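Novice: If you scroll down you'll find the structure; I have some questions about it.
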Amino acid sequence: MDYLPLFVDLRKKPVLVVGGGHIAARKIELLTQAGACVQIVACKLCKPLITMTEQKNVEWLAKYYHIQQLERVFLVIAATNNSQLNGQIYQDATNRYLLVNVIDDKPLCSFIFPSIINRTPIIIAISSSGTAPTLARLLREKMEALLPSHLGKMAEIADQWRDKVKERFAIPSDRRHFWDKAFTGIFSSQMAVGKLEEAKRTLNHQLSNINISRGEIILVGVGPGNSGLLTLRGLQVMQLADVLLYDYLVSDEILNLGRRDADRICVGKRAHDHSITQEEINNMLVTLAREGKRVVRLKGGDPFIFGRGGEEIQAAAEAGIPFQVVPGVTASLGATAYAGIPLTHRDYAQSVLFMTGHCHSNGIVPDWETLVHPYQTLVIYMGSIAVTDISRQLIKHGRDPITPVAVISRGTRKDQNVLIGTLRNLPELALYAAAPTLFIIGAVVNLHRHLAWYQATE
Ligand code: SAH
0 MDYLPLFVDL RKKPVLVVGG GHIAARKIEL LTQAGACVQI VACKLCKPLI
50 TMTEQKNVEW LAKYYHIQQL ERVFLVIAAT NNSQLNGQIY QDATNRYLLV
100 NVIDDKPLCS FIFPSIINRT PIIIAISSSG TAPTLARLLR EKMEALLPSH
150 LGKMAEIADQ WRDKVKERFA IPSDRRHFWD KAFTGIFSSQ MAVGKLEEAK
200 RTLNHQLSNI NISRGEIILV GVGPGNSGLL TLRGLQVMQL ADVLLYDYLV
250 SDEILNLGRR DADRICVGKR AHDHSITQEE INNMLVTLAR EGKRVVRLKG
300 GDPFIFGRGG EEIQAAAEAG IPFQVVPGVT ASLGATAYAG IPLTHRDYAQ
350 SVLFMTGHCH SNGIVPDWET LVHPYQTLVI YMGSIAVTDI SRQLIKHGRD
400 PITPVAVISR GTRKDQNVLI GTLRNLPELA LYAAAPTLFI IGAVVNLHRH
450 LAWYQATE
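Written as structure tokens, this is what we have:
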């Protein structure tokens, strides 16, 4: 280990910064966030530094460096563009056993600044020991994405409960068990959505009934297939799941991002093959949650767009089980973005309408009149089975037979395919498309020729 990470209490401690440019300003900003009293030595200050000197903890001490300035300081930072001066400061500080950092000059640093993830009071520092700062920054970005913003607040509350928990559980392993459960369970979920009072009640409740476990159901919209379109919240929730329930729309790429040791249950449903009914899925969700599990139900696209997500949380509500919903990028938004077809465009479409091709099977007749406006983009989900009728009815009710259509198959995925044709030949196009497919009908489809940007790789 080349460097020992330490978290230093700099509150009210004097720190000397030699240099008045933007790099110095960034460090001074950080130092003042940590409560340090900064003394600057520089001939000239950049604008942000001038503003900072108006704060009470930042003082422009002198124009020129002098060794005496090292007396009674805690840390020294040199950020000048004069390498001789930087070397001198390093030597002087080191001779006095002061910690010193010469910016961007690793051999002249007795301490280095790590990349920081700040969820105060939780602070994570990452360092490559000065070898590859960009790699450390990339790691930081990855971790930033994974660590929910409520982490800090959760730690603050845990601090307030520490004594109570200690009193209730004399054995350390019991205390650990209590906190494990709190930080991965319903307390954490409630904190995530800002239900502070309920979260505190949960802690109190769990403090008196440690054996009572409460499960929950979280619907997560995972988008149309490309894992990059999963939301941060969706990913965080998937990492905390006890059980992951998914169907055929959820790609392997996404499923692989779930918690490794979560149980995975496929409740696949296809148009012709209703191997498991919606009612059975609802019951399964409720039963698993009643066992005290955190059940994460993954749904393609968005749970509330033709996803029966409403019915699943109705079942949860009726059973008195807490639930949450994480929205997702619905197929029409994802697939058209990746096909270079803007759903609205000032010149071609002033409105957009999402429709399911399945309404026939439910005995509902679509209001065709509203579906044929020339300046409206029509997006049809689950259209394959009824495609011949859809094409015929739209033409019959007045939509131009040569209206451009796109059949987007497996949108946003590695094997996305886009077929372009007209409303009249939509049924033939649909015949060749691999599921899942989406139909886009309207003048905006013509833009695909110029705006297609995504390259399928399979
Ligand atoms: N809740 C989902 C829709 C579920 S209905 C959402 O918001 O996207 C299932 C239909 O969605 C499929 O029949 C197909 O029409 C469409 N679909 C889902 N993923 C798709 C994809 N990657 N490419 C094209 N269409 C898709």
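Quick note, in numbering that gives the first Met the number 0, the sequence shown goes up one by one and the last residue is 457. Positions of the beta carbon are idealized from the N, C-alpha and C atoms, including for glycine. Bear in mind that the values here come from a model prediction, so they are computed numbers and not experimental data.
Take residue 197 and list the residues in its own chain whose beta-carbon comes closer than 6 Å to its own, dropping the five residues that flank it on each side.
Specialist: Walking along the sequence shown from the start, residue 197 turns up at place 198. Counting only Cβ-Cβ distances below 6 Å, and skipping sequence neighbours, we find 189.
Novice: Go ahead and pull the three-state DSSP assignment for residue 358.
Specialist: Locating residue 358 in the sequence shown gives position 359, where the first residue counts as 1. Residue 358 falls in the helix class under three-state DSSP.
Novice: Whole angstroms is fine: what's the gap from residue 456's alpha carbon to residue 187's?
Specialist: Here residue 456 refers to the residue found at position 457 when the sequence shown is read from its first residue. Here residue 187 refers to the residue found at position 188 when the sequence shown is read from its first residue. Those two C-alpha atoms are separated by around 39 Å.
Novice: CB of residue 304 to nearest heavy atom of the ligand SAH: below 6 Å?
Specialist: Indexing the sequence shown from 1 puts residue 304 at position 305. Indeed, a heavy atom of the ligand SAH lies less than 6 Å from the Cβ.
Novice: So what does DSSP say about residue 14, is it helix, strand or coil?
Specialist: Locating residue 14 in the sequence shown gives position 15, counting from the first residue. Residue 14 falls in the strand class under three-state DSSP.
Novice: Taking the continuous alpha helix (DSSP H) assigned at residue 186, which residues delimit it?
Specialist: For this step, residue 186 is matched to residue 187 along the sequence shown. Element bounds for residue 186: 185-191.
Novice: Would you be able to state if there are at least three C-beta pairs under 8 Å between the region 58-65 and the region 23-41?
Specialist: Judged by Cβ distances under 8 Å, the region 23-41 makes contact with the region 58-65, as three or more pairs qualify.
Novice: Does the Cβ of residue 184 lie closer than 6 Å to at least one heavy atom of the ligand SAH?
Specialist: Here residue 184 refers to the residue found at position 185 of the sequence shown. No - the ligand SAH has no heavy atom lying nearer than 6 Å to the Cβ of residue 184.
Novice: Considering only residues of the region 224-276, which uninterrupted beta strand (DSSP E) runs meet the minimum length of 3 residues and lie entirely inside it, listed in chain order?
Specialist: Qualifying beta strand (DSSP E) stretches, in chain order: 242-245 and 262-265.
Novice: Grouping DSSP H, G and I as helix and E and B as strand, with all else coil, what is residue 415?
Specialist: Locating residue 415 in the sequence shown gives position 416, where the first residue counts as 1. Correct three-state label for residue 415: coil.
Novice: Consider the C-beta atom of residue 366 and the heavy atoms of the ligand SAH; say whether any pair is separated by less than 6 Å.
Specialist: For the purposes of this step, residue 366 is taken as the residue at position 367 of the sequence shown. No; taking the cut-off as 6 Å, the Cβ of residue 366 has no heavy atom of the ligand SAH nearer than that.
Novice: If you compare alpha carbons, which of 449, 422, 423 and 409 is closest to residue 433?
Specialist: Counted from its first residue, the sequence shown places residue 433 at position 434. Among 449, 422, 423 and 409, the Cα nearest to that of residue 433 is on 409.
Novice: Cα-Cα, which of 389, 320 and 96 is closest to residue 404?
Specialist: Here the question's residue 404 lines up with position 405 in the sequence shown. Among 389, 320 and 96, the Cα nearest to that of residue 404 belongs to 389.
Novice: Rounded to the nearest angstrom, what separates residue 342 and residue 451 at their Cα positions?
Specialist: If you number the sequence shown from 1, residue 342 lands on position 343. If you number the sequence shown from 1, residue 451 lands on position 452. Rounded to whole angstroms, residue 342 to residue 451 spans 13 Å at the Cα level.
Novice: To the nearest angstrom, report how far apart residue 384 and residue 356 are at their CA atoms.
Specialist: Reading the sequence shown from its first residue, position 385 is the one you call residue 384. Reading the sequence shown from its first residue, position 357 is the one you call residue 356. So the two alpha carbons sit approximately 8 Å from each other.
Novice: Where does residue 215 fall in DSSP's three states?
Specialist: Along the sequence shown, one-based indexing puts residue 215 at 216. It is a strand residue.
Novice: Return the CA-CA distance between residue 378 and residue 347, expressed in angstroms with no decimal places.
Specialist: The count along the sequence shown starts at 1 and reaches residue 378 at position 379. The count along the sequence shown starts at 1 and reaches residue 347 at position 348. Approximately 15 Å, taken between the alpha carbons.
Novice: Could you give the distance in angstroms between the alpha-carbon of residue 233 and the alpha-carbon of residue 294?
Specialist: Along the sequence shown, one-based indexing puts residue 233 at 234. Along the sequence shown, one-based indexing puts residue 294 at 295. Near 13 Å, if we compare the C-alpha coordinates of residue 294 and residue 233.
Novice: At a cut-off of 6 Å, is residue 326 close to the ligand SAH when judged by its beta-carbon and the heavy atoms of the ligand?
Specialist: By 1-based counting over the sequence shown, the position of residue 326 is 327. No - the ligand SAH has no heavy atom lying nearer than 6 Å to the Cβ of residue 326.
Novice: Comparing alpha-carbon positions, which option in 162, 247 and 314 lies nearest residue 281?
Specialist: Here residue 281 corresponds to residue number 282 of the sequence shown, with the count starting at 1. Minimum Cα distance to residue 281 is reached at 314.
Novice: For residue 136 versus residue 114, is the C-beta distance shorter than 7 Å?
Specialist: Taking the first residue of the sequence shown as position 1, residue 136 is located at position 137. Taking the first residue of the sequence shown as position 1, residue 114 is located at position 115. Contact flag set, yes.
Novice: Please name the residue, chosen from 411, 312 and 124, that lies closest to residue 250 on a Cα-to-Cα basis.
Specialist: Position 251 of the sequence shown, counted from the start, is the residue given in the question as residue 250. Ranking 411, 312 and 124 by Cα distance to residue 250 puts 411 first.
Novice: Output the boundary residues of the beta strand (DSSP E) element that contains residue 380.
Specialist: Here residue 380 refers to the residue found at position 381 when the sequence shown is read from its first residue. Residues 375-380.
Novice: Please identify the residue among 31, 231 and 370 whose C-alpha is closest to the C-alpha of residue 9.
Specialist: Here residue 9 refers to the residue found at position 10 when the sequence shown is read from its first residue. Minimum Cα distance to residue 9 is reached at 31.
Novice: Is the beta carbon of residue 330 within less than 6 Å of some heavy atom of the ligand SAH?
Specialist: Counted from its first residue, the sequence shown places residue 330 at position 331. Yes, Cβ of residue 330 sits closer than 6 Å to a heavy atom of the ligand SAH.
Novice: What are the boundary residues of the beta strand (DSSP E) that includes residue 298?
Specialist: Along the sequence shown, one-based indexing puts residue 298 at 299. Residues 293-298.
Novice: Mapping DSSP to helix, strand and coil, what is residue 458?
Specialist: Examination of residue 458 is not possible in this model, given that the chain is present from 0 through 457 alone.
Novice: Let me check one thing: in DSSP terms, what residues is residue 220 bridge-paired to?
Specialist: Residue mapping note: residue 220 aligns to position 221 of the sequence shown, counting from 1. The partner list for residue 220 (beta bridge, DSSP) reads 298.
Novice: To the nearest angstrom, how far is the alpha carbon of residue 270 from that of residue 162?
Specialist: Here residue 270 corresponds to residue number 271 of the sequence shown, with the count starting at 1. Here residue 162 corresponds to residue number 163 of the sequence shown, with the count starting at 1. Below a pLDDT of 50, predicted positions are generally treated as unreliable, and residue 270, at 49, falls in that range; the measurement from the model is reported next regardless. So the alpha carbons of these two residues sit roughly 56 Å apart.
Novice: Residue 447 and residue 340: beta carbons closer than 7 Å?
Specialist: Along the sequence shown, one-based indexing puts residue 447 at 448. Along the sequence shown, one-based indexing puts residue 340 at 341. Yes, Cβ-Cβ distance for residue 447 and residue 340 is below 7 Å.
Novice: Whole angstroms are fine: how far does the CA of residue 132 sit from the CA of residue 139?
Specialist: Position 140 of the sequence shown, counting from 1, holds the residue named residue 139. Position 133 of the sequence shown, counting from 1, holds the residue named residue 132. Going by the C-alpha atoms only, they are around 10 Å apart.
Novice: What's the call for residue 80, buried or exposed, on a 16-neighbour Cβ count within 10 Å?
Specialist: Start at 1 with the first residue of the sequence shown, and residue 80 comes out as number 81. By the 10 Å Cβ count, residue 80 comes out exposed.
Novice: Can you tell me which of 318, 1 and 71 puts its alpha carbon nearest to the alpha carbon of residue 214?
Specialist: Numbered from 1 along the sequence shown, position 215 holds the residue referred to as residue 214. For the residues 318, 1 and 71, the minimum Cα distance to residue 214 belongs to 318.
Novice: Please give the ranges of any beta strand (DSSP E) in the region 46-99, keeping only runs that are unbroken, at least 3 residues long and fully inside the region.
Specialist: Listed in chain order, they are 57-61 and 74-77.
Novice: Which word fits residue 217, buried or exposed, when buried means at least 16 other C-beta atoms lie within 10 angstroms of its C-beta?
Specialist: Start at 1 with the first residue of the sequence shown, and residue 217 comes out as number 218. Its Cβ being crowded by 16 or more others within 10 Å, residue 217 is buried.
Novice: For residue 374 and residue 349, which I take to be in contact (beta-carbon distance under 8 Å), what is that distance rounded to the nearest angstrom?
Specialist: Here residue 374 is taken as the residue at index 375 of the sequence shown, counted from 1. Here residue 349 is taken as the residue at index 350 of the sequence shown, counted from 1. The Cβ separation is near 5 Å, so the contact holds.
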